[in-house]
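Step one of this worksheet: look at the structure below.
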Amino acid sequence: MSALLQVEDLEILFKKKKEYVSTVSGVTFHVNPGETLGIVGESGCGKSVTSLSIMGLLPDNYSRISEQSTIQYNGRSLVGISEREFRNIRGKEIAMIFQDPMSSLNPVLTIGYQMVEMIRAHEPQLSKKAAEEIIISMLKKVGIPRAEKIIDEYPHQLSGGMRQRIMIAMALSCNPKLLIADEPTTALDVTIQAQILELIKSLQQEFNTAVMLITHDLAVVAEVCDRVMVMYAGTVVEEGQAADIFNEAKHPYTIGLLNSIPSLEENISRLDAIPGSVPSPEEFPSGCRFAPRCPHATEKCYNQPPDHYQISDHHFARCWLYSKEGVN
Amino acid sequence: MKPQLQNEQEKVLNPTVVMEGKRGKRADGPWKIACKKIIRDKASMVGFVLLFLFLCLFLLAPVLPLQNPVEVNLAKRLQPIGTPGNMLGTDHLGRDMLSRLIWGGRVSVVIGFIAVGIALVFGTILGLVAGYFQRFFDTVIMRFMDILMAFPYVLLAIAIIAALGPGLLNTMIAVSIVGIPYYARIVRSSTLMYRNMEFVLAQRALGAGHWHIIVRHIFPNCLPPLIVAASLDVGWMILAASGMSFLGLGAQPPLAEWGVMLSEGQKYIRVAPHESLLPGLAIFLVVLSLNLVGDGLRDALDPKSK
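Protein chains in written order, with our numbering: chain Z, 50 to 377; chain B, 185 to 490.
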């Protein structure tokens, strides 16, 4: 089976004081048709930047993708294609939903107007009436009651959960093959979070859409993802099936993340937090980027960046602990 | 398709779906909501009614039983308000004030609206382009606007009229050019704010192009401050055009125009104050009604106001 999205050796550079600094580097992953890939990591790990680069939405005045990076969607390269070509892919082939549903709808336009306009942008031959029919059925699919009335309402009249449903409806209304969800539930209540995840999951099955779910919430990942990719400081540190990651996490960072989830069963007074915080791109260590915060770090970790080491069939970790030659 | 299953799913996902009836009556459209809000707002209704009356009066000037506004009758000069035959008196050449006010209003109001229209269109386009594309466009456009703003506006307007030649049309062009930076700045600042909002990114992620985003998404968000600015500015433009006429660069006597009337009347302010007070009052009332209308429109067009 060929991958729907194949990203290889992605490097993203940001301009800082007239100089380009590498933030995300060496990121390689793929998304198969119909599957859900979770991308996990702390804030500032490059998760959102990676997804924006796939959409070609990085701010072009101070960021760029390096030459050796390749992003292939359905066998087509997405690096260096024109804005016009990208426009036909965005929304129609790859759609994206964002973290904050409160601000991702235009406050002065009605829901119906925004949705109709979006559909007709991709399918100009549709009449307004036909587009309206589509959005009403789409809104019903995402579980919005009184869809006929909602289309004449403004975003501020709706709750966050409703708006996120609308964003999902909007993103899926042109039948994209890949949906990138950038922390879709972070700004929502826990109960609504569960509903939205449930919704994404059911719609994914119905439309056979692949989903790239970006989150810092491991519980969300456990709930919906087939495969998981853990990112730290712009690199992929571990990748594998969701079960592998949760049951046999290998990379110290993943283990740290898993340990910092409070458990209901064990009554512990202190949570294991990973000490320190993600370094800024200028301060990335020359060796393993996680070394300064790693409990197992040795001399070698500080000096040489580790490669991807295979743990099992689909399970990789970027850590010297799992290399043949070992940490020392 | 599996409609049965889908329906079940909907019920699970959202219990309210179950309670929903058949296709209900559609909610009010945005324009209907705006009209309702204006009707509820007393102050703006006063403005609308006043403006409507003024416009009716100006439009109907040719059919109203008015005296010729330029007919001189030296025997009846400087008659006070309430003189039989001249309800609002006469000016220093014995011309009927009421007739001159109404005919003059036509000229002044048309100048005000068209000048604002020209400034609004160019200023908005420049502001949107500068604010959205930034960098090169922003620098070139906004520095040019700064140059325009650096001149005292009267001086600039006089310079433009000097280049184009005096007259009503050129006055209009001059005051509108002077007004462009005002709109460009307002629109640019709103654009700068909205271009970085998540909905713009979301729209791009859904495949919208730059012009589409500018016209359909950013421009409507810039409207509330623009409407208020424009409604205030119509009054300002009327005053500016009157000022040019006052200086003898705009409307030329004997044509009735409020600025001309003011400037002619000020010489007789001690013996016949009505000759300058009446056009002044007329300008005041038109500007006031426009401001009330502007405030009302801003509130009515803002979907967030209740």
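Built from N, CA and C at the ideal position, the CB exists for glycine as well.
- DSSP lists B:Thr267 as the beta-bridge partner residues of asparagine 270 of chain B.
- Look at glycine 393 of chain B: its C-beta is under 9 angstroms from a C-beta on chain Z.
- Going by DSSP, lysine 64 of chain Z is part of the beta strand (DSSP E) stretching over 54-65.
- Under the Cβ criterion of 9 angstroms, proline 156 of chain Z is counted among the residues facing chain B.
- Here threonine 240 of chain Z is exposed: its Cβ has fewer than 16 other Cβ atoms, across all protein chains shown, within 10 Å.
- Taken through DSSP and simplified to helix, strand or coil, serine 71 of chain Z comes out as strand.
- Listed along the chain, the chain Z residues whose CB falls inside 9 angstroms of the CB of leucine 481 of chain B amount to none; the nearest CB is some 14 angstroms away.
- Under a criterion of Cβ atoms nearer than 8 angstroms, the residues of chain B adjacent to lysine 141 of chain Z are, in order, Gly391.
- If you draw a straight line from the Cα of isoleucine 168 of chain Z to the Cα of methionine 187 of chain Z, it is about 12 angstroms long.
- Against chain Z, the CB of aspartate 322 of chain B has no partner CB under 9 angstroms away; the residue lies outside that interface.
- At a cut-off of 9 angstroms, the C-beta of methionine 219 of chain Z has a neighbouring C-beta in chain B.
- A check of alpha carbon separations from leucine 272 of chain B across B:Trp395, B:Ala299, B:Pro457 identifies B:Pro457 as the nearest.
- Using beta-carbon distances, leucine 385 of chain B counts as an interface residue toward chain Z, with a partner under 9 angstroms.
- For tyrosine 337 of chain B, the uninterrupted alpha helix (DSSP H) segment begins and ends at 337-348.
- In this chain, the beta strand (DSSP E) harbouring aspartate 231 of chain Z covers 227-231.
- Distances from the CA of isoleucine 120 of chain Z to each of Z:Glu60, Z:Val327, Z:Gln163, Z:Lys178 were compared; the closest alpha carbon is that of Z:Glu60.
- With three or more CB-CB distances shorter than 8 angstroms, the stretch 256-271 of chain Z counts as touching the stretch 223-233 of chain Z.
- The beta carbon of glutamate 255 of chain B is closer than 7 angstroms to those of Arg279 in its chain, skipping five residues each way along the sequence.
- Nearest CB-CB separation between arginine 372 of chain B and chain Z: not below the 9 angstroms threshold.
- For a cut-off of 8 angstroms, the C-beta gap from valine 73 of chain Z to glycine 95 of chain Z is around 4 angstroms, short enough to register as a contact.
- Think of a sphere of 8 angstroms around the beta carbon of histidine 401 of chain B: the chain Z residues whose beta carbon falls inside it are Asn155, Leu158, in chain order.
- In this model, isoleucine 304 of chain Z and alanine 298 of chain Z are separated by some 6 angstroms (Cα to Cα).
- Around the beta carbon of histidine 364 of chain Z, 16 or more other beta carbons sit within 10 angstroms, so the residue counts as buried.
- A Cβ of chain Z is located within less than 9 angstroms of the beta carbon of methionine 381 of chain B.
- If you check each beta-carbon in the stretch 398-431 of chain B against every beta-carbon of chain Z, the ones closer than 8 angstroms belong to Arg400, His401, Pro404, Asn405, Leu407.
- Boundaries of the alpha helix (DSSP H) around isoleucine 298 of chain B: 281-317.
- In terms of beta-carbon proximity, histidine 396 of chain B lines the interface with chain Z, with at least one pair separated by less than 9 angstroms.
- Residue state for glycine 90 of chain Z is assigned as coil, using DSSP reduced to three classes.
- DSSP places phenylalanine 365 of chain Z in the uninterrupted beta strand (DSSP E) bounded by 364-366.
- Within the same chain, and ignoring the five residues on either side of serine 228 of chain B in sequence, the residues whose Cβ sits closer than 8 angstroms to its Cβ are Ile222, Leu476, Val477, Asp479, Gly480, Leu481, Asp483, Ala484.
- In terms of Cβ geometry, glycine 301 of chain B and arginine 372 of chain B do not form a close pair [threshold 9 angstroms].
- One finds Met381, Glu382, Phe383, Ala386 in chain B with Cβ atoms closer than 9 angstroms to the Cβ of serine 152 of chain Z, taken in chain order.
- Comparing alpha carbon positions, the residue from Z:Ser112, Z:Glu272, Z:Leu53 closest to alanine 292 of chain Z is Z:Glu272.
- When DSSP states are grouped into helix, strand and coil, glycine 289 of chain Z belongs to the strand group.
- The residues Ser460, in chain order, have a CB closer than 7 angstroms to that of glutamine 450 of chain B in the same chain once the five nearest residues on each side in sequence are set aside.
- Excluding residues up to 5 positions away in sequence, Ala299, Ala341, Met421, Ala424, Ala425 lie with their Cβ nearer than 6 angstroms to the Cβ of valine 359 of chain B in the same chain.
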